[in-house]
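Peer 1:
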Amino acid sequence: MPLTRVFLGLGSNIEREAHLAAGLDALAGLLSDMRCSPVFESHAVGIKSGNFFNLVVVGETELPLLELDRRLKFIEADNGRYAPDRKGLPLDIDVLLYGEQVGNFNGLILPRAEILKNAFVLWPLALLAPDACHPVDGRSFADLWATTQIDQQLWPAAFQWRGTELTPAELLQARSS
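Anchor point for the sequence shown: position 22 equals 1511 in my numbering, and the numbering is continuous, going up by one each time.
(1) For S1665, collect the residues of the same chain with a Cβ closer than 7 Å to its Cβ; drop the 5 residues on either side in sequence, then sort them by chain order.
(2) Tell me the residue span of the beta strand (DSSP E) that contains I1582.
(3) Please report the straight-line C-alpha distance between L1557 and L1643, rounded to a whole angstrom.
(4) Measuring alpha carbon to alpha carbon, tell me which residue in A1533, L1509, S1538 is nearest S1526.
(5) Given W1612, which residues of its chain have a CB within under 8 Å of its CB, disregarding the five upstream and five downstream residues?
(6) If distances are taken between C-alpha atoms only, which option among L1555, F1609, A1608 comes closest to V1584?
(7) Between F1563, D1632, R1601, which has its C-alpha nearest V1545's C-alpha?
(8) For V1546, does the three-state DSSP call read helix, strand or coil?
(9) Which word fits R1547, buried or exposed, when buried means at least 16 other C-beta atoms lie within 10 angstroms of its C-beta?
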């Protein structure tokens, strides 16, 4: 099966570092050529909870879309997403883009609407793949970030995975200036 480029959004508001690292470790086993955006912290959107850490990853997969989504649900479950006594959201992984596919795929709608609605998705996406284009809108993610007005506060967060700082120092310094 040919490789398909996929963009995934990850978020956590409980034991954020541990759950995101576990999610990234699991994704590294599913995706080839995986790259990560900087990590951002933001206030919760749509739920009352503590702040979230969010990032976007891009990689290549041989898995069909629905099989990829099924495996993402297993990764979420392994991190307590569906535990009956959980408080908050340990790990959320959403398929944002799967190749150039557009439409409703057994309830999975692509491209994910959150790309254009949430700064914690669009800003990391614009930094990770600035020249990639939204498959419906047609504009690059960098252009979309520069022109889309989203009323959400978020800021770069220091985060290490496998000994590498995902959020560049200059991005962290820009926040503190």
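Glycine included, C-beta positions come from ideal geometry on N, C-alpha and C.
Peer 2: To lay it out plainly:
(1) Reliability of the predicted coordinates at S1665 is poor, the pLDDT of 49 falling under 50, and the value obtained from them is presented with this limitation in mind. Counting only Cβ-Cβ distances below 7 Å, and skipping sequence neighbours, we find nothing.
(2) Segment 1581-1587, the beta strand (DSSP E) holding I1582.
(3) Rounded to the nearest angstrom, the two C-alpha atoms are 29 Å apart.
(4) Out of A1533, L1509, S1538, L1509 has the C-alpha closest to the C-alpha of S1526.
(5) Apart from the 5 residues on each side of it in sequence, W1612 sits with its Cβ closer than 8 Å to the Cβ of F1529, W1634, L1643 in its chain, given in chain order.
(6) Of L1555, F1609, A1608, the residue nearest in Cα terms is L1555.
(7) Nearest C-alpha to V1545: R1601.
(8) In this structure, DSSP gives V1546 an extended state, which the three-state scheme calls strand.
(9) It should be noted that the sequence gives Val, not Arg, for residue 1547. V1547 comes out buried.
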